[in-house]
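*Asks:*
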Amino acid sequence: MAEAEGEATVSGAGEGDGVVRSEADLRRYDTVEELLRDKLSEALGGWRGAVESAVPTLAFALVWARTENLRTALVVAGVCVALLLVVRLVQRQDPRFIAYAAAGVAISAFFALRSGKAEDAFLPGMLQNAGLLVLLLVTNLTRWPLFGFVVGVAEPEAFAENPTWWRRHSGIVTVAARLAWVLIALNVVRLAIMVPLYLAEQVAALGVAKVVLGWPAYLVAITAMGAILLRGRTPIDPSRIA
-8 MAEAEGEATV SGAGEGDGVV RSEADLRRYD TVEELLRDKL SEALGGWRGA
42 VESAVPTLAF ALVWARTENL RTALVVAGVC VALLLVVRLV QRQDPRFIAY
92 AAAGVAISAF FALRSGKAED AFLPGMLQNA GLLVLLLVTN LTRWPLFGFV
142 VGVAEPEAFA ENPTWWRRHS GIVTVAARLA WVLIALNVVR LAIMVPLYLA
192 EQVAALGVAK VVLGWPAYLV AITAMGAILL RGRTPIDPSR IA
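Numbering-wise, the sequence shown is residues -8 to 233 according to this note's numbering.
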């Protein structure tokens, strides 16, 4: 125990207390994969978050396919969000995933109502996918993988002192980059399918594609990332710089 404390003191020389404590916290994990499994589990909404994200989009697509009335479809999607939010609040549970869905519906409504075209309700999502794709590619190619910041943010005190403290661990950088490549592939598939449908003004097909390529496809990606995190045995080595 004394030896471990001594190591923490030496490795934390010149660092703030938050970084030192975070470095010590890493010693609870045997591998980088174990660390990322723990931190990523805190950021996902589980099956309920998946349903809450999909329901408003599916409702919009179904109502539009039946009525071809843009305002009605958007109102129904908004009502779905409101009902899901009420359920969360009544159960005194975290409403943040409903907030994400509400923001998505609001932005989609703005784009669609501004142009008068129902397919434009899906434009923000595609722009988000394109932006995320570019961000993931740039951060991976420059060895600043986005998932590394998941580790950093999960340690708020250390992140406030030094947002890049996790980069001293080359193992974290390597595994975080592998996870990001999975999401890069997912966004390429999403755009390859949805952009042609958007250009062809296939609103109903866009709704189905958005749902299928949303959480179901995301769960496939999560499974792939899970395989990386379960099979990998990358050691956490504080002495190696990325």
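All C-beta atoms, glycine included, are put in the ideal place defined by N, C-alpha and C.
1) Okay, do the segment 43 to 62 and the segment 97 to 117 touch, 3+ Cβ pairs below 8 Å being the bar?
2) Give the DSSP bridge partners of T22, in chain order.
3) Within its chain, find whatever has a CB closer than 7 Å to the CB of P226; leave out the 5 residues flanking it on each side and keep chain order.
4) Determine the closest residue to H160 out of A73, G143, A171, with distance taken between C-alpha atoms.
5) To the nearest angstrom, how far is it from the Cα of I184 to the Cα of L204?
6) Closest to V54 by C-alpha separation, out of L220, L210, I213, A196, would be which residue?
7) Enumerate, from N- to C-terminal direction, the unbroken alpha helix (DSSP H) stretches of 4 or more residues contained entirely within the segment 44 to 126.
8) Is it right to say D85 is buried, meaning 16 or more other beta carbons lie within 10 angstroms of its own, or is it exposed?
9) Mind checking whether L137 and A90 have CB atoms under 7 Å apart?
10) So, is E43 buried or exposed, given that buried needs 16 or more other C-beta atoms within 10 angstroms?
11) Check the C-beta distance from L174 over to A200 and give it rounded, since I have them as a contact under 8 Å.
12) Expressed to the nearest angstrom, what Euclidean distance is found between the alpha-carbon atoms of A97 and P187?
13) On the three-state DSSP scale, how would you describe E192?
14) Could you tell me which of A218, V164, A93, L220 sits nearest to N131, measuring between CA atoms?
15) Beta carbon of Q176, beta carbon of G139: below 7 Å?
16) For V70 and E148, what's the separation of their Cα atoms in angstroms?
17) In this structure, does DSSP put T155 in helix, strand or coil?
18) Tell me whether T214 sits in a helix, a strand or coil according to DSSP, three-state version.
19) Is the shortest distance between the beta-carbon of V166 and the beta-carbons of chain B less than 7 Å?
20) Can A109 and V202 be called in contact, C-beta distance under 7 Å?
21) Need the endpoints of the alpha helix (DSSP H) that G139 sits in, please.
22) To the nearest angstrom, report how far apart L221 and L210 are at their CA atoms.
23) Measure the alpha-carbon distance for W135 versus L65 and round it to whole angstroms.
*Replies:* Considering the structure as presented:
1) With three or more CB-CB distances shorter than 8 Å, the segment 43 to 62 counts as touching the segment 97 to 117.
2) Per DSSP, P226.
3) These residues qualify, in order along the chain: T22, G162.
4) Selected option, being the one with the closest Cα: G143.
5) The alpha-carbon atoms of I184 and L204 are separated by roughly 9 Å.
6) Residue A196 is the option with its Cα nearest to V54.
7) Taken in chain order, the unbroken stretches of alpha helix (DSSP H) that lie wholly in the segment 44 to 126 and span 4 residues or more are 61 to 81, 87 to 106.
8) With fewer than 16 Cβ atoms within 10 Å of its Cβ, D85 is classed as exposed.
9) 7 Å or more divides the Cβ of L137 from the Cβ of A90.
10) Taking all protein chains in view, the Cβ of E43 is crowded by 16 or more other Cβ atoms within 10 Å, so the residue is classified as buried.
11) At roughly 18 Å, the Cβ-Cβ gap does not stay under 8 Å, so L174 and A200 are not in contact.
12) About 24 Å.
13) For E192, the secondary structure class from DSSP, reduced to helix, strand or coil, is coil.
14) Looking at the Cα atoms, V164 is the closest of the given residues.
15) In the sequence as displayed, the identity of residue 176 is Ala instead of Gln. No, Cβ-Cβ distance for A176 and G139 is not below 7 Å.
16) Between V70 and E148, the alpha-carbon positions lie close to 39 Å from each other.
17) Annotated three-state conformation of T155 is coil, per DSSP.
18) Here DSSP, grouped into helix, strand and coil, assigns T214 to helix.
19) Here there is only one protein chain, and chain B is not present.
20) No, Cβ-Cβ distance for A109 and V202 is not below 7 Å.
21) Where G139 is concerned, the enclosing alpha helix (DSSP H) starts and stops at 137 to 144.
22) Near 16 Å, if we compare the C-alpha coordinates of L210 and L221.
23) Just so you know, the alpha carbons of W135 and L65 end up roughly 39 Å apart.
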